[in-house]
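Engineer:
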Amino acid sequence: FTTFYCVKLVKETMSLLPKHSKEFGSKEYWNKFFANRGNNTFEWYGEYSDLCGLLHQYMRTADKILVAGCGNSSISADLYRVGHKNITNVDVSEVVIRQMRSKYEAACPSMVWCRDDLTQSQFSSGAFSCILDKGTLDAIFTDDSPQVLETVNKYLAEVGRLLGRGGRLVCVSLLQEHIIEHLLTWCQAQGWMSRVCRCEEAEQATKRKGQFTLPVFVVVCTKLNPMPGITPVVESCLDGSGQPTRVTVEELRAHVKALQQYSAVTHALVAKVSAGEEARLELCDSRGESLRYVLYILDAPARANTALPMGVFIVPQRREVEWLFSSMEGRRQLRESTSAARLMVVHLVRGQVYEAGLQQVQEELSSRVADFAPGNLPANFKIPFLSVGGDVGSVTRRCLGRSEWCGEYVVEDVQADGGVTLRRLVFLDNPNVVQSEVRMLHRGAGKKNSES
Ligand SMILES: C[S@@+](CC[C@H](N)C(=O)[O-])C[C@H]1O[C@@H](n2cnc3c(N)ncnc32)[C@H](O)[C@@H]1O
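Residue numbers (full-length UniProt numbering): 1 to 452.
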């Protein structure tokens with residue numbers, strides 16, 4: 001959280017950053033922050049237009065909404081404008097409440113503005129059916145020290161008290177590791193259902209402004225009657241389909257962490273990959289269950305002649321064992337021959353099926369390749385896909401086994417140039433090396449189809 005604040009705020013509010021991240025939980029810090037900003041809105045993690053697609057799935061116009069730690073975000077006014085008339089905005093900072101009341105009292109007459117400390121709220125139990133928290137839990141939950149945990153637990157206890165049965169906490173958060181762990185465990189202990197979604201629109205909007213952002217998540221926690229002996233449902237909407245799937249807390253944490261790491265890596269790749277080095281990345285299928293692509297990213301050295309800002313080279317199946325594709329020096333030569341300033345070499349993974357061939361591979365990768373583009377890629381540049389042979393190659397697995405001495409191995413038939421079939425033995429702990437290879441011959445004319 002602290003890192004994100006530092007990166008995002010660096011230009012405009014450098015002087016407003018706290019000396020210590022714990023200050024994010026203090027009223028004095030926020031009063032000073034909003035007094036210094038005056039009427040300049042600062043929208044944490046995303047604006048209404050970026051978040052509305054997800055918010056409207058979980059917030060109804062009939063809801064009694066509490067906006068927890070409203071700050072000077074315009075999201076409450078935007079929600080009001082589209083029909084959410086029952087909104088109470090609270091913040092620990094009286095400065096921001098005064099500013100917001102005078103800004104919106106004419107345009108949003110029935111909206112309530114109130115200074116309140118949500119670790120000891122003045123509102124009555126069950127007063128709300130929905131609590132919107134955008135960045136407030138993150139601001140309070142600066143680390144997992146006992147002192148901070150005490151404040152967080154008071155805040156969550158108040159959230160639980162203020163929501164009526166069936167009510168929802170809609171929490172927009174960066175879900176740092178200690179936050180997801182604590183929030184989901186807390187929900188489980190209360191018997192609440194929880195669901196985690198990702199808001200890519202909010203991330204894209206931040207990226208378009210040239211700023212770095214970590215993935216933005218929306219956690220929806222629904223207050224249910226506790227049912228002793230029944231484990232509350234935890235759902236993930238992170239597989240890209242938008243459909244919820246039931247998961248364990250552990251699986252969800254791992255998925256969130258993988259997305260955060262991916263985002264950090266792609267951010268690092270905006271800069272140049274040093275000469276003589278390459279970045280190696282592994283991409284899993286959309287369920288995050290099995291490895292689907294291995295990517296190598298390498299850049300031309302400074303002052304090299306390049307005709308193409310970036311290209312993606314798809315290595316047909318099983319040709320990844322060839323020197324040109326399997327060794328760093330080979331890939332360096334490949335990049336040189338394509339004249340690309342950045343080349344992404346893609347290995348297809350053994351055991352994965354790419355039924356629709358190159359087209360399928362391109363479709364699967366096209367939404368991702370821009371993530372790996374250098375920062376200086378010209379606007380509207382369409383990254384070309386390159387390959388050899390015009391398809392992804394044909395492979396038939398003959399057997400998969402395990403040897404006591406060498407571990408897992410595979411025997412497979414690969415179609416090589418000129419209609420030749422090669423049968424190969426590969427030990428899977430070194431998958432880019434062919435242990436032995438034989439060329440398959442066809443028996444005489446009468447038995448043309450049987451191999452010897
Ligand atoms: C990161 S800002 C988010 C502001 C706003 N929700 C947004 O999206 O722009 C966190 C907000 O939580 C408020 N806050 C911090 N501790 C609070 C508490 N105990 N009770 C109520 N508000 C609190 C701060 O004053 C600040 O406005």
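From the three backbone atoms N, C-alpha and C, an ideal C-beta is built for every residue, glycine too. The structure presented is a predicted model; accordingly, all values stated were derived computationally and were not measured.
Nearest to residue 170 by alpha carbon, out of 132, 116, 139?
Structural biologist: Along the sequence shown, one-based indexing puts residue 170 at 170. Out of 132, 116, 139, 132 has the C-alpha closest to the C-alpha of residue 170.
Engineer: Would residue 42 pass as a contact of residue 142 if the rule is Cβ separation under 8 Å?
Structural biologist: Taking the sequence shown and counting its residues from 1, one reaches residue 42 at position 42. Taking the sequence shown and counting its residues from 1, one reaches residue 142 at position 142. It is not a contact, given that the beta carbons lie outside the stated cut-off.
Engineer: Measuring alpha carbon to alpha carbon, tell me which of 194, 209, 225 ends up nearest residue 247.
Structural biologist: By one-based count along the sequence shown, residue 247 stands at place 247. Closest by alpha carbon: 194.
Engineer: Within this structure, are the beta carbons of residue 348 and residue 334 separated by less than 8 Å?
Structural biologist: Within the sequence shown, residue 348 is the residue found at index 348, counting from 1. Within the sequence shown, residue 334 is the residue found at index 334, counting from 1. Cβ distance not < 8 Å, so residue 348 and residue 334 don't count as in contact.
Engineer: Between the C-alpha atoms of residue 108 and residue 77, what's the straight-line distance to the nearest angstrom?
Structural biologist: Within the sequence shown, numbered from 1, the residue matching residue 108 stands at position 108. Within the sequence shown, numbered from 1, the residue matching residue 77 stands at position 77. Whole-angstrom Cα-Cα distance: 7 Å.
Engineer: Give the DSSP-derived three-state secondary structure of residue 244 in the structure shown.
Structural biologist: As a first step, residue 244 must be located in the sequence shown, where it is residue number 244. Coil.
Engineer: Output yes or no for whether 8 Å exceeds the beta carbon distance between residue 374 and residue 272.
Structural biologist: By 1-based counting over the sequence shown, the position of residue 374 is 374. By 1-based counting over the sequence shown, the position of residue 272 is 272. Yes. Within cutoff.
Engineer: Between 217, 166, 191, 264, which has its C-alpha nearest residue 252's C-alpha?
Structural biologist: The residue labelled residue 252 in the question sits at position 252 within the sequence shown. Ranking 217, 166, 191, 264 by Cα distance to residue 252 puts 217 first.
Engineer: Taking Cβ to Cβ, would you say residue 387 is nearer than 8 Å to residue 314?
Structural biologist: In the sequence shown, the residue the question calls residue 387 occupies position 387. In the sequence shown, the residue the question calls residue 314 occupies position 314. It is a contact, given that the beta carbons lie within the stated cut-off.
Engineer: Within a Cβ cutoff of 7 Å, which residues of the same chain sit near residue 104, ignoring the five residues on either side of it in sequence?
Structural biologist: By 1-based counting over the sequence shown, the position of residue 104 is 104. Contacts found: 77, 111.
Engineer: Between which residues of its own chain and residue 438 is the CB-CB distance below 6 Å, once the five residues before and five after are set aside?
Structural biologist: Translated into positions along the sequence shown, residue 438 becomes position 438. So the list reads 423, once near-sequence residues are dropped.
Engineer: Return yes when the C-beta of residue 118 is under 7 Å from any heavy atom of ligand 1, and no when it is not.
Structural biologist: To locate residue 118, count along the sequence shown from 1; it is residue 118. Indeed, a heavy atom of ligand 1 lies less than 7 Å from the Cβ.
Engineer: Straight-line CA distance for residue 283 to residue 291?
Structural biologist: Here residue 283 is taken as the residue at index 283 of the sequence shown, counted from 1. Here residue 291 is taken as the residue at index 291 of the sequence shown, counted from 1. Residue 283 and residue 291: Cα-Cα distance of roughly 6 Å.
Engineer: How about residue 128 and residue 27: do their beta carbons lie closer than 8 Å?
Structural biologist: Your numbering for residue 128 matches position 128 in the sequence shown. Your numbering for residue 27 matches position 27 in the sequence shown. The answer is no: Cβ separation not under 8 Å.
Engineer: Between residue 76 and ligand 2, is there a pair consisting of the residue's CB and a ligand heavy atom that are separated by less than 7 Å?
Structural biologist: Absence of ligand 2 is noted for the structure shown, with ligand 1 being the only ligands found.
Engineer: Could you give the uninterrupted runs of the alpha helix (DSSP H) lying entirely in the segment 194 to 271, keeping only those of 4 residues or more?
Structural biologist: 200 to 208, 249 to 268
Engineer: Alpha carbon to alpha carbon, how far is residue 372 from residue 66? Give it in angstroms, no decimals.
Structural biologist: Position 66 of the sequence shown, counted from the start, is the residue given in the question as residue 66. Position 372 of the sequence shown, counted from the start, is the residue given in the question as residue 372. A direct Cα-Cα distance of roughly 40 Å separates residue 66 from residue 372.
Engineer: Kindly provide the ranges of any beta strand (DSSP E) runs that are 3 or more residues long and lie completely inside the segment 327 to 356, ordered along the chain.
Structural biologist: 340 to 348
Engineer: Can you tell me whether residue 446 is buried or exposed, with buried defined as 16 or more other CB within 10 angstroms of its CB?
Structural biologist: Within the sequence shown, residue 446 is the residue found at index 446, counting from 1. With a pLDDT of 48 at residue 446, under the threshold of 50, the modelled position of that residue is not reliable, and the figure given next carries that caveat. Exposed.
Engineer: Can you find a heavy atom of ligand 1 that lies under 7 Å from the Cβ of residue 130?
Structural biologist: What you label residue 130 is simply residue 130 of the sequence shown in a count that begins at 1. Result no, Cβ not under 7 Å from ligand 1.
Engineer: Going by DSSP, what residue range makes up the alpha helix (DSSP H) through residue 167?
Structural biologist: Locating residue 167 in the sequence shown gives position 167, counting from the first residue. No alpha helix (DSSP H) holds residue 167; the beta strand (DSSP E) holding it covers 163 to 173.
Engineer: Compute the minimum distance between the beta carbon of residue 522 and the heavy atoms of ligand 1, and state whether it is under 7 Å.
Structural biologist: Outside the shown range of the chain, which is 1 to 452, sits residue 522, and nothing can be said about it.
Engineer: Leaving aside the five residues before and after residue 235 along the sequence, list all residues of the same chain whose C-beta is less than 8 Å from its C-beta, in chain order.
Structural biologist: As a first step, residue 235 must be located in the sequence shown, where it is residue number 235. The residues are 193, 194, 195, 196, 244, 245, 246, 247.
Engineer: Between which two residues does the alpha helix (DSSP H) holding residue 318 run?
Structural biologist: Here residue 318 refers to the residue found at position 318 when the sequence shown is read from its first residue. Per DSSP, residue 318 belongs to no alpha helix (DSSP H) and is neither H nor E.
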